[in-house]
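Chemist:
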Amino acid sequence: MSGWLEGVLYMSVAEQALAGTGVTGAGTVHANLMPPALIAHALRRNEGRLSADGAFIAETGTHTGRSVQDKFVVEDPDVRADIWWGKVNQPMAPERFTGLSARVRGWLGEKPELFTQDLYAGADP
Numbered sequence: 034m035s036g037w038l039e040g041v042l043y044m045s046v047a048e049q050a051l052a053g054t055g056v057t058g059a060g061t062v063h064a065n066l067m068p069p070a071l072i073a074h075a076l077r078r079n080e081g082r083l084s085a086d087g088a089f090i091a092e093t094g095t096h097t098g099r100s101v102q103d104k105f106v107v108e109d110p111d112v113r114a115d116i117w118w119g120k121v122n123q124p125m126a127p128e129r130f131t132g133l134s135a136r137v138r139g140w141l142g143e144k145p146e147l148f149t150q151d152l153y154a155g156a157d158p
C-alpha cells in the first residue's frame, strides 16, 4: 500500500483531528470525546463542578457574554453584497484574517492539551 491512503491509515488520532488546520506541536489531543469524558476532563482541569443533580456547571469567569462589537466577517467580493454590514457584522481584510489565523494556530500549538470535535453547523434550507 502506498500513497495518500497509507498516510491516512497510519495517522494518529491527534494527527487526524488537526489535519488541515496548520496547528502543530500541541500536546495531548482529545478528539470527539463523549460528554461524560469531556465533563471528567473539565472537572480535572477545575473548569466547573457538578450540581446536586449531576449536571455540569461551567465556571465562565468575568466574560460571560459575547461582545456584539467583536464580530468580524472576512470581506470577500463574492459575498460582500449579501452581508448586513454595521455594528454587528464588521468587515475584516483578508490579510488581517491571515495574520490573526497564524497567531491563533501558534497559540494552540503551544497548549499542553487540546479538545477537538467533528461537528456540522448551518441552516437547513
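Okay, so the sequence shown: first residue is 34 according to the working numbering, each after it adds one. Built from N, CA and C at the ideal position, the CB exists for glycine as well.
1) What are the complete beta strand (DSSP E) segments, minimum 3 residues, inside the segment 88 to 139?
2) Taking V62 as part of the beta strand (DSSP E), name the residues at either end of that continuous run.
3) Taking all protein chains shown into account, decide if A154 is buried (16 or more other Cβ within 10 angstroms of its Cβ) or exposed.
4) Suppose contacts are defined by Cβ-Cβ distances below 8 Å. Is G132 in contact with V56 by that definition?
5) Beta-carbon separation of L66 and F148 under 8 Å?
6) What does a CB cutoff of less than 8 Å around G53 pick up in its chain, not counting 5 residues either side in sequence?
7) Can you determine whether any heavy atom of the ligand GTP sits closer than 7 Å to the C-beta of V112, and answer yes or no?
8) Would DSSP call E143 helix, strand or coil?
9) Whole-angstrom Cβ separation of P124 and E108, contact assumed at under 8 Å?
10) Cα separation between V46 and H63?
11) Cutting at 7 Å between CB atoms, please list the residues of its own chain near Q150, excluding the five before and the five after it.
12) So which of D115, K120 and A85 has the shortest CA-CA distance to S100?
Modeler: Per the coordinate set shown:
1) The beta strand (DSSP E) runs lying completely inside the segment 88 to 139 and spanning 3 residues or more are 89 to 91, 105 to 107 and 123 to 125, given in chain order.
2) It spans T61 to A64 - the beta strand (DSSP E) in which V62 sits, taken as one unbroken run.
3) Exposure of A154 is indicated by the presence of fewer than 16 other C-beta atoms within 10 angstroms of its C-beta.
4) The criterion of a C-beta distance shorter than 8 Å is not satisfied by G132 and V56.
5) Pairing L66 with F148 gives a Cβ-Cβ distance under 8 Å.
6) Excluding five sequence positions before and after G53, none of the CB atoms of its chain fall closer than 8 Å to its own CB.
7) No copy of the ligand GTP occurs in the structure displayed, which carries no ligand at all.
8) Here E143 sits in coil by DSSP.
9) Contact holds; Cβ gap of about 4 Å.
10) When rounded, the distance between both Cα atoms is 8 Å.
11) For Q150, same chain residues with a beta-carbon under 7 Å away, outside a window of 5 residues either side, are N65 in chain order.
12) Each of D115, K120 and A85 was checked against the Cα of S100, and the nearest Cα belongs to K120.
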